[in-house]
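**Student:**
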Amino acid sequence: MYEKELQAMISACQKASKEIMRIYNKGFHVDLKEDKSPVTDADLASNKILRAELSQFSSIAWLSEEDADNKERLTKKALFIVDPLDGTEDFVQRDGSFGINIALVVDRKPVVSVVGVPALDSYAYAIKGQGSYYVSQGKEERLHVSDKLKDLILVQSKTHSYKEELAVIERHKDIIKDVTYLGASLKAIALAQGKVDASVRFTPYTKEWDVCAPELIVTEAGGIFTDSKLNEFIYNREDVYNHDGYSMFNRVENEILLK
């Protein structure tokens, strides 16, 4: 099930990745949106490619960071939730730590997910109930979270930090061995690969397109993905903000970081 959608999402992601890296290497223009967040030529070019490639699924609604929100989506069973360049600030800083998020949501939950990593010419994908995978240089590996309950590696944002996150690190330094930093949805891939073990983000500024595709990558690798109050996400909401941030864990026992 969903094989046609998955292949179209992967193809769209690969085409958008190539264009993002062409712009990244050539040079780009940065504007500020109304909310003061940056947008570049690459965000807009990627969005155009993704929308064109996925328009073949005419019955599936659309929600993207770079398009006006058509609230008719609220009446639809299925929609694509897309961030055409997740981690624009990282892109602007040229640290390579940015991604592409594409999720197919049915009945308010992600069922297919593709997260591209343009700087590495790679991507992760997942189908509900069929596992999570990473594809790089033509090689595909199935992803599994770690099973660690101590000596945890916490992964946090490269560009934003909150006092509540620093408090978690201080409060649980007995089980947190190290803190590392990645941008955008690359944190979710690292957790799904077992390279890191947890992440807690108290930011109230992420939106559905920041977490929807990463969620399925993490959960299909055996991990846990919730908001900072340990509530599960539902999608296709009228208010797209994630007011309670998000968190990821390799094991349910490590939810203790939020307690």
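Going by our numbering, the first residue of the sequence shown is number 1, and it counts up by one from there. No residue lacks a Cβ here, since even glycine has one placed at the ideal position from N, Cα and C.
1) Does DSSP classify Lys163 as helix, strand or coil?
2) According to DSSP, simplified to helix, strand and coil, what is Lys139?
3) If you draw a straight line from the C-alpha of Pro118 to the C-alpha of Gln156, how long is it?
4) Within the 8 Å Cβ cut-off, does His243 reach chain C?
5) Counting along the chain, where does the beta strand (DSSP E) carrying Met21 start and finish?
6) Evaluate contact between the segment 173–181 and the segment 145–156, counting only Cβ atoms and requiring at least three cross-stretch pairs below 8 Å.
7) Consult DSSP for Leu230 and reduce its assignment to one of helix, strand or coil.
8) To the nearest angstrom, how far is the alpha carbon of Gln56 from that of Leu258?
9) Please classify Thr206: does DSSP put it in a helix, a strand, or coil?
10) Going by Cα to Cα distance, which pick from His144, His172, Met9, Val211 is closest to Val112?
11) Starting from Val82, follow its DSSP beta bridges and name the residues at the other end.
12) What does DSSP give as the partner residue(s) for Phe225 in the beta ladder?
13) Mapping DSSP to helix, strand and coil, what is Leu154?
14) Would you mind stating whether Gly99 and Ala184 have Cβ atoms separated by less than 8 Å?
15) In angstroms with no decimal places, state the Cα-to-Cα distance between Asn25 and Glu53.
16) Let me check understanding here. Comparing Cα to Cα, which of Asp227, Lys18, Pro110, Ala12 lies closest to Tyr241?
17) Specify the secondary structure class of Ser119 as computed by DSSP and reduced to three states.
**Tutor:** This is what the structure holds:
1) helix
2) strand
3) 20 Å
4) Of the chains in the structure shown, none is chain C; there is only one protein chain.
5) Per DSSP, Met21 belongs to no beta strand (DSSP E); it is in the alpha helix (DSSP H), 3–26.
6) yes
7) coil
8) Gln56 and Leu258 have their alpha carbons spaced roughly 42 Å apart.
9) coil
10) Met9
11) As a beta-bridge residue in DSSP terms, Val82 pairs with Ser64, Ile102.
12) Met248
13) strand
14) yes
15) 24 Å
16) Asp227
17) Position check: residue 119 holds Ala in this sequence, whereas Ser was assumed. DSSP places Ala119 in helix when its eight states are reduced to three.
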